[in-house]
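Below is one structure; the comments refer to it alone.
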Amino acid sequence: MRKIIALIALFLFNDILAQDVSAKFETSISTNYSYQYALHKPKGKEKKPLIIFLHGSGEKGEDVELVKVHGPFKYLKTHEIDAYVLAPQCPKEVYWEPESLYQLIQKIIKDNKNIDESRIYLTGLSMGAWGAWNLAFAHPDMFAALVPIAGFVDRVPMIENCKIGEIPTRIFHGLVDDVVDVRYSIDIYKKLKGCAKDIELTIFDDANHDSWSRVYDNPEIYEWMLKQKKN
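Under this note's numbering, the first residue of the sequence shown is numbered 1444, with each subsequent residue one higher.
Laid out in structure tokens, this is it:
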């Protein structure tokens, strides 16, 4: 009887020993994104480029007029840009998400047959620059130019830097930026420098976080973008 009890105890003891298990788990997580957006359509019926502008955190919300406070739409109030200009608005409770933005761009292209898909440009300021970096790395084949201003850079772009080496890039930042450290732009520039075919970093030594006004208010950045074309 004691032997039987001992064997049962041994079996129970073996059951609580550590085990290695190989298994597989699958799940699906779905998130819905809804963007309001402003879209400027140029004159004429010939093929025209598309500029995508991602705003900063201060323009989140449900008032689409906020996307016109800075950037290309501010410039359009007093100047012409011979291009489509798309400015989505990020809802307050979320941040820029690459795949939903990509789907929005695809919809705009589908709905506007005169968009030249070889001349699609991506730019953004602050949170929008962060979103632009992530979107460019998610879909590098889409963009003919990239202009991030005063943006944070995630770890993945820092690691996969050469993924966007073919995209002509102009980076801008303020030296005394006390919101997003200038080192983010310096570090990603150094990472890209070795493999990028066309890249420049401009640091304004007298600028704080708003290093974008002097960029977007100047026709030179639009002239440069509109010259870029994917092969």
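Backbone N, C-alpha and C fix where the C-beta goes; we use that ideal spot for every residue, glycine too.
Quick check: the Cα distance between residue i and residue j, rounded to an integer number of angstroms?
{"i": "A1593", "j": "E1505", "result": "24 Å"}
{"i": "I1614", "j": "A1466", "result": "46 Å"}
{"i": "P1600", "j": "Y1476", "result": "23 Å"}
{"i": "L1589", "j": "I1646", "result": "16 Å"}
{"i": "A1639", "j": "P1611", "result": "8 Å"}
{"i": "K1606", "j": "F1580", "result": "7 Å"}
{"i": "Q1671", "j": "R1562", "result": "7 Å"}
{"i": "L1544", "j": "L1578", "result": "8 Å"}
{"i": "Y1538", "j": "D1597", "result": "13 Å"}
{"i": "W1655", "j": "V1510", "result": "14 Å"}
{"i": "K1634", "j": "E1560", "result": "28 Å"}
{"i": "F1516", "j": "G1637", "result": "34 Å"}
{"i": "V1625", "j": "M1570", "result": "14 Å"}
{"i": "Y1632", "j": "D1463", "result": "45 Å"}
{"i": "K1553", "j": "Y1480", "result": "16 Å"}
{"i": "K1673", "j": "A1587", "result": "5 Å"}
{"i": "D1641", "j": "E1603", "result": "17 Å"}
{"i": "I1664", "j": "T1474", "result": "35 Å"}
{"i": "P1492", "j": "A1575", "result": "17 Å"}
{"i": "I1524", "j": "G1487", "result": "12 Å"}
{"i": "L1541", "j": "W1573", "result": "With the sequence shown as reference, residue 1541 is identified as Pro, and Leu is not the correct amino acid for it. Looking at the two C-alpha atoms, the distance is approximately 11 Å."}
{"i": "Y1627", "j": "F1468", "result": "37 Å"}
{"i": "I1629", "j": "T1470", "result": "39 Å"}
Does the separation of the CB atoms of residue i and residue j fall below 9 Å?
{"i": "C1533", "j": "H1582", "result": "no"}
{"i": "I1495", "j": "L1529", "result": "yes"}
{"i": "P1485", "j": "A1526", "result": "yes"}
{"i": "L1568", "j": "Y1659", "result": "yes"}
{"i": "L1669", "j": "Y1564", "result": "yes"}
{"i": "A1650", "j": "V1623", "result": "no"}
{"i": "N1557", "j": "E1643", "result": "no"}
{"i": "G1617", "j": "H1652", "result": "yes"}
{"i": "K1535", "j": "K1503", "result": "yes"}
{"i": "H1513", "j": "P1662", "result": "no"}
Are any of the Cβ atoms in chain B nearer than 9 Å to that of residue i?
{"i": "S1465", "result": "Note that chain B does not occur in the displayed structure, where there is just one protein chain."}
So does residue i have its beta carbon nearer than 8 Å to some heavy atom of the ligand SAM?
{"i": "S1500", "result": "The ligand SAM is absent from the structure shown, which contains no ligands of any kind."}
Starting from residue i, follow its DSSP beta bridges and name the residues at the other end.
{"i": "I1646", "result": "H1616"}
{"i": "Y1564", "result": "I1494, A1588"}
{"i": "I1558", "result": "K1491"}
3 or more residues per run - each beta strand (DSSP E) lying fully within the segment 1579 to 1619: Contiguous beta strand (DSSP E) elements confined to the segment 1579 to 1619 occur at 1588 to 1592, 1612 to 1617, taking only those with 3 or more residues.
Segments assigned beta strand (DSSP E), at least 3 residues, entirely inside the segment 1475 to 1537: Uninterrupted beta strand (DSSP E) stretches at least 3 residues long and entirely within the segment 1475 to 1537 occur at 1479 to 1483, 1491 to 1497, 1527 to 1532, given in chain order.
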